[in-house]
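Protein chains in written order, with the working numbering: chain A, 3 to 611; chain B, 666 to 878.
Structural data, given as structure tokens:
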């Protein structure tokens, strides 16, 4: 055992490493069969904001035979001290080195956290490659697991989809397996039969001469030809965490969360979440109200936030909000309503809940022209944006945030100019409001990110815009935004370039990740540590050209590295959507008209309403 | 009389949390306990709490003072019991309380016990000499600037309570309060400098406040 005082004496924010928060689970490890380390590959305050972790921590600790503990990436100062004094990565609850655990699970939230995973394994003293491990199992899940191939050599298995039920099945198998003392491969074979479990070592990948994938075939009789994700069919019957850990230190989202529904009816063609979380499944209002009451009682938090991909689409939003306000207001609890579409209803509701100075309203038109918005199926019209901002300005708002993407398929310089035009048009609306009704000075913030084509979306075949072109477009827009009331923020294009390589990458990329970690790449989503040159050196050292993954447009009959992963949406639907995008034809959302994407096969949610 | 003064400890389990963390933890514990406390007016209502003197990261205590305002009378024993049930048992616990209208007397000094652990055996004579020296210059940081001060002018009492090869436990009384505050870590810095210690870590603990007459 190490002396934690020696580590914590002069690191930044030592409360990241001490645990013991209200609601954290204390068990005697001597009385459990399975020790599970839930690892979030970023710092404490990021990881502790993540709803998925709260859900799985609760579910796993409901099991009497299991103790689930939390692990986060130590910040660089702490890591340095740990490496210097030979302290391996340990869990927050018991401070036990995680190499002594039975199973460790990583959540894969964003590609730029991959080096942190490698680094955490290294710091833990756990072999980085699956083939070198003898006892411990490393499992991954989360949105990036829908193309886990760049990490295929690192992980022993992945869970595709929502883990609430399947994790229990896996642990049941594990408990039996451990008692019988059978071989590693026998455990993996047994769980490979469970829906949603993908064991990459049971698949061989053969490549064509041009470097594309020729075929992916099972090499083990227990492995399914394709692995289908698992979902929770009934959101009212599944576990929801109402006894949260309440951190001592401030975390990014330091509040209670109410998950209204999973999935999204909208079908924006760039959006991976909109596809992989299908079909839309809502929680009943009654259940949500119950959860809210329990959360308030158990946590003492002063803020409650609604969460979903698009809260305005919740069927009972108005009555839910009214009932929640009746609960929160007398108790001085703030109700936060992110991701609401701006219209009469939402402004009215925001007026009711926000006694705070009217801050800002947010729109995500994503593209500057109607033509391009039709291409991406972002069904918001200029008229809606204008009338929404007009309403907001008349209602006393003076600050607008606008989010756009650059590098979308078929994008031209006209679409970039459209971003500036739209911002100007919004500014004009402000000055049309009578002066005496305006509040403060106008402030419009335009932010652009760089589009990254994602697996399982209609744009999965598209070429990603080049670094040079993205930077040229950013400069172009800079010159076109001239009003002083409009501020322009843009994202570092090279980060999106790397994200693009790993997002649509294959198994050959694992060695690039390992090389990058050796060069010291970590916390790549943190500006202060991100180093593009080290990444490019890692690629060239491994003889891999990232442009193969980013810049290349694929044909619809190419075997994609993630084709053996089935999210329930058919390839036919994606191809059709891709065709419609090229023609600029929009597709109605799930409640207007079913487009037959394929997820009705799950037998739940909006498809069967 | 609805102002309630509570004396509480900050134990090992919360040694590494800061003053604002202590505040947040209290606010939420009071909410969970369902105590009828006064909230501030305005945009973001929060429970009204006044701490006698903030306690820093890395320091434990057995003498912290916080004033809260109750909007309904609840017996002190009940407040202590219910709030303590909602505070981490190894971290923050209320020891006693009283309803009072008096402001807390102005703090002038504070007593700390500090355990210093070194990486190699230390020369206890040099620690003794350090504590009895006339002048040790250290850099005192405030939000605005760094100034060099003679810390011995602000150490009013000091003694070695216990020691072994690689650790020593000392007691000091230093300036404290809103006018001039010496953090215990600064005392450690001074001893380190004067006695030439190779320090692994220090564990300061606040024992008591001393108020002006």
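Glycine included, every Cβ here is placed at the ideal spot set by N, Cα and C.
Being a predicted model, the structure only gives us computed values, none of them experimental.
Assigned with DSSP and collapsed to three states, residue 213(A) falls in coil, not helix or strand.
In the three-state DSSP reduction, residue 719(B) falls in the coil class, being neither helix nor strand. Residue 430(A) is outside the set of residues whose beta carbon lies under 8 Å from a beta carbon in chain B. For the segment 857-869 of chain B, the residues whose beta carbon sits under 9 Å from a beta carbon of chain A are, in order, 864, 865, 866, 867, 868. Between residue 109(A) and residue 55(A), the C-beta gap is smaller than 8 Å, which places the two residues in contact.
A straight-line Cα-Cα distance of about 24 Å links residue 427(A) and residue 412(A).
Judged by DSSP secondary structure, residue 428(A) falls within the alpha helix (DSSP H) whose first and last residues are 415-434. Straight through space, the alpha carbons of residue 514(A) and residue 83(A) are spaced by roughly 26 Å. A direct Cα-Cα distance of roughly 58 Å separates residue 384(A) from residue 677(B). Residue 246(A): not part of any beta strand (DSSP E); DSSP gives it neither H nor E. In the assembly as shown, residue 88(A) is an exposed residue. Its beta-carbon has fewer than 16 other beta-carbons within 10 Å. Checking the DSSP bridge columns, you'll see residue 99(A) partnered with 92(A).
With fewer than three CB-CB distances shorter than 8 Å, the segment 243-259 of chain A does not count as touching the segment 341-356 of chain A. Judged by their CB atoms, residue 247(A) and residue 25(A) are nearer to each other than the 8 Å cut-off.
Proximity of residue 31(A) to chain B, defined by a Cβ-Cβ separation below 8 Å, is not satisfied. If you look at residue 849(B), you'll find it in the alpha helix (DSSP H) that goes 849-860. In terms of beta-carbon proximity, residue 670(B) stays away from the interface with chain A, with every pair separated by 8 Å or more. With a threshold of 16 other beta carbon atoms within 10 Å, residue 518(A) meets it and is buried.
Nearest C-alpha to residue 561(A) among 392(A), 488(A), 506(A): 506(A). CA-CA distance, residue 233(A) to residue 194(A), rounds to 17 Å. For residue 55(A), the enclosing alpha helix (DSSP H) stretches over residues 53-64. When C-alpha distances from residue 841(B) are compared across 719(B), 832(B), 691(B), 704(B), the shortest belongs to 719(B).
Taken in chain order, the members of the segment 770-783 of chain B whose beta-carbon sits within less than 8 Å of a beta-carbon on chain A are 782. The straight-line gap separating the alpha-carbon atoms of residue 711(B) and residue 351(A) is approximately 22 Å.
248, 249, 250, 251, 252: these are the residues of the segment 233-254 of chain A whose beta carbon lies less than 9 Å from some beta carbon of chain B, given in chain order. Apart from sequence neighbours up to five positions away, the residues of its chain that approach residue 85(A) with a beta-carbon distance below 8 Å are 125, ordered along the chain. For the set 151(A), 493(A), 273(A), 143(A), the Cα lying nearest the Cα of residue 106(A) is the one of 143(A). DSSP places residue 401(A) in no alpha helix (DSSP H) but in the uninterrupted beta strand (DSSP E) bounded by 401-408. Of all residues in the segment 7-20 of chain A, those with a C-beta nearer than 7 Å to a C-beta of chain B are 7, 8, 10, 11, 16, 17, 20, reading in chain order. Check the Cα spacing between residue 398(A) and each of 444(A), 422(A), 375(A): the tightest is with 444(A). Its Cα nearest to that of residue 298(A), the residue 692(B) stands out among 692(B), 674(B), 688(B), 667(B). Within its own chain, the residues whose Cβ lies closer than 8 Å to the Cβ of residue 236(A), once the five positions on either side in sequence are excluded, are 283, 606, listed in chain order. Using a Cβ distance threshold of 8 Å, residue 817(B) and residue 801(B) count as a contacting pair.
Using a Cβ-Cβ cut-off of 8 Å, residue 694(B) is close to 24, 302 of chain A, given in chain order. Counted as a single uninterrupted DSSP element, the beta strand (DSSP E) harbouring residue 870(B) occupies residues 864-876. Residue burial annotation: residue 453(A) is buried, with at least 16 other C-beta atoms found within 10 angstroms of its C-beta.
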